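Engineer: Got a structure here, written out as structure tokens. Questions coming.
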Amino acid sequence: MNKSTRQTIFENAKQWVLEAGENIRERMKSEFQVDTKSNPNDLVTEVDKETEKYFASKIRSTYKDHLIIGEEGYGDKVESLDGTVWIIDPIDGTMNFVHQKRNFAISIGIIHNGIAEISLIYNVMDDVLYTALKGEGAYRNDTKLSKLKDDVQLATSIFALNSILACENKKVNEKKIQQLIIDSRGTRGYGSAALELAYVAEGIIDGYITMNLAPWDFAAGYLLIEEVGGKVIQANGDRVNFLENNTIIACNHMVVDELLNKYIELK
Ligand code: IPD
Ligand code: CA
Ligand code: CA
Ligand code: CA
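Under this note's numbering, think of the first position of the sequence shown as 317, with each following residue one higher.
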């Protein structure tokens with residue numbers, strides 16, 4: 317994708333994200349319906365659906381040949397990353413949205429011929445927009461994010477993870493995760509993958525470890541972290557795949573080998 321095309325698409329996406337955020341803030345002032353999906357804790361609201369519909373209609377009326385992958389089903393059936401694909405999570409952190417009315421984000425990653433080109437993660441209630449354009453760095457609002465530090469060590473690192481990972485689970489040896497909790501400086505769980513990835517890019521946490529994310533959870537965070545020199549890979553060390561669910565290790569480049577070799581043992 318050439319630079320000027322990328323810039324134009326980004327400007328549109330940014331305007332739509334800010335508008336969608338404004339709509340969500342307004343919509344929260346009145347009642348909205350909350351339903352469950354795969355299990356009683358897997359929540360979805362009318363606002364998630366309305367927001368995804370809003371993006372789908374903006375994208376379709378502006379870019380007839382672009383495709384959409386979205387969590388709530390208003391996208392296309394996408395089987396390849398040829399052309400331009402918008403990967404959208406209208407509300408990442410729906411549980412936070414419902415219970416806390418904060419700590420949720422809109423996440424949009426735009427991929428062109430398989431390459432992550434544009435990212436936007438909008439913390440709606442804090443009005444903080446993280447953005448990245450391929451080769452042009454990452455930003456938190458208008459402030460360019462620094463490259464991640466080279467002097468980071470695991471013992472003084474903070475990791476975001478879902479506490480369920482340290483209990484018995486099917487994918488990784490939980491004893492090693494427990495050891496990571498002991499050996500690192502601290503752990504956090506924010507309940508929004510997109511924000512946790514943005515925090516890795518910002519350098520306020522040093523890693524985020526999770527065993528099951530959908531493309532809409534990590535597509536935007538991927539480029540944000542890549543642009544500051546961090547790593548986003550699958551737990552077996554492979555590159556991420558934007559067309560399927562992935563295990564995700566996102567972290568400062570200085571701790572990736574130690575994490576994979578010492579603390580992540582796949583079952
Ligand atoms: C979820 C959040 C959560 C993560 C889950 C995601 P949703 O997304 O990002 O933090 O642990 O794996 O599914 O459903 O709130 O968009
Ligand atoms: Ca969901
Ligand atoms: Ca999500
Ligand atoms: Ca969602």
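C-beta: ideal position from N, C-alpha, C; glycine also. None of the values given here were measured: they were computed from a predicted structure.
Thr361: buried (16+ other C-beta within 10 angstroms of its C-beta) or exposed?
Structural biologist: Taking all protein chains shown into account, Thr361 has 16 or more neighbouring C-beta atoms within 10 Å of its C-beta and is therefore buried.
Engineer: Do Ile403 and ligand 1 come close, with the Cβ less than 7 Å from some heavy atom?
Structural biologist: no
Engineer: Check whether the Cβ atoms of Arg504 and Ala476 lie closer than 8 Å to each other.
Structural biologist: Yes, the Cβ-Cβ distance between Arg504 and Ala476 is below 8 Å.
Engineer: Assuming the contact rule is C-beta atoms closer than 8 Å, Ile404 and Ile385 should be a hit. Round their C-beta distance to whole Å, please.
Structural biologist: 7 Å
Engineer: Do Glu362 and ligand 4 come close, with the Cβ less than 7 Å from some heavy atom?
Structural biologist: Ligand 4 never approaches Glu362 closely enough for any of its heavy atoms to be under 7 Å from the residue's Cβ.
Engineer: CA-CA distance, Gln585 and Val571?
Structural biologist: In the structure as shown, the chain starts at 317 and stops at 583, and residue 585 therefore has no counterpart that could be examined.
Engineer: Relative to the C-alpha of Glu518, which residue among Ala454, Ala530, Ile424 is closest?
Structural biologist: With distances taken between Cα atoms, Glu518 lies closest to Ala454.
Engineer: Residue ranges of each alpha helix (DSSP H) run of no fewer than 4 residues wholly in the stretch 450-505, ordered along the chain?
Structural biologist: 490-499
Engineer: Suppose the cutoff is 6 Å on Cβ atoms and the five residues either side in sequence are ignored; what does the same chain contact list for Ile437 look like?
Structural biologist: Ala421, Ser423, Tyr446, Ala510, Ala514, Ala536
Engineer: In chain order, which alpha helix (DSSP H) runs of at least 4 residues are fully inside the stretch 375-439?
Structural biologist: 410-415
Engineer: In terms of residues, what are the limits of the alpha helix (DSSP H) holding Ala535?
Structural biologist: 531-543
Engineer: Is Glu368 near Glu388, with beta carbons less than 8 Å apart?
Structural biologist: yes
Engineer: Taking only heavy atoms of ligand 3 into account, decide whether any of them is closer than 7 Å to the Cβ of Glu512.
Structural biologist: Outside the cutoff, so no.
Engineer: Say yes only if the C-beta of Glu387 is nearer than 7 Å to one or more non-hydrogen atoms of ligand 4, and no if none qualify.
Structural biologist: yes
Engineer: Starting from the Cα of Gly409, find the closest Cα among Asp458, Lys487, Ala530, Tyr538 and give me that residue.
Structural biologist: Ala530
Engineer: Go to Asn578, then tell me how far its alpha helix (DSSP H) extends in each direction, as first and last residue.
Structural biologist: The residue asked about is misnamed: residue 578 is Lys in this sequence, not Asn. Premise fails: Lys578 is in no alpha helix (DSSP H) and is neither H nor E.
Engineer: Using only CA atoms, which one of Glu490, Leu334, Arg343, Val401 lies nearest to Ile427?
Structural biologist: Val401
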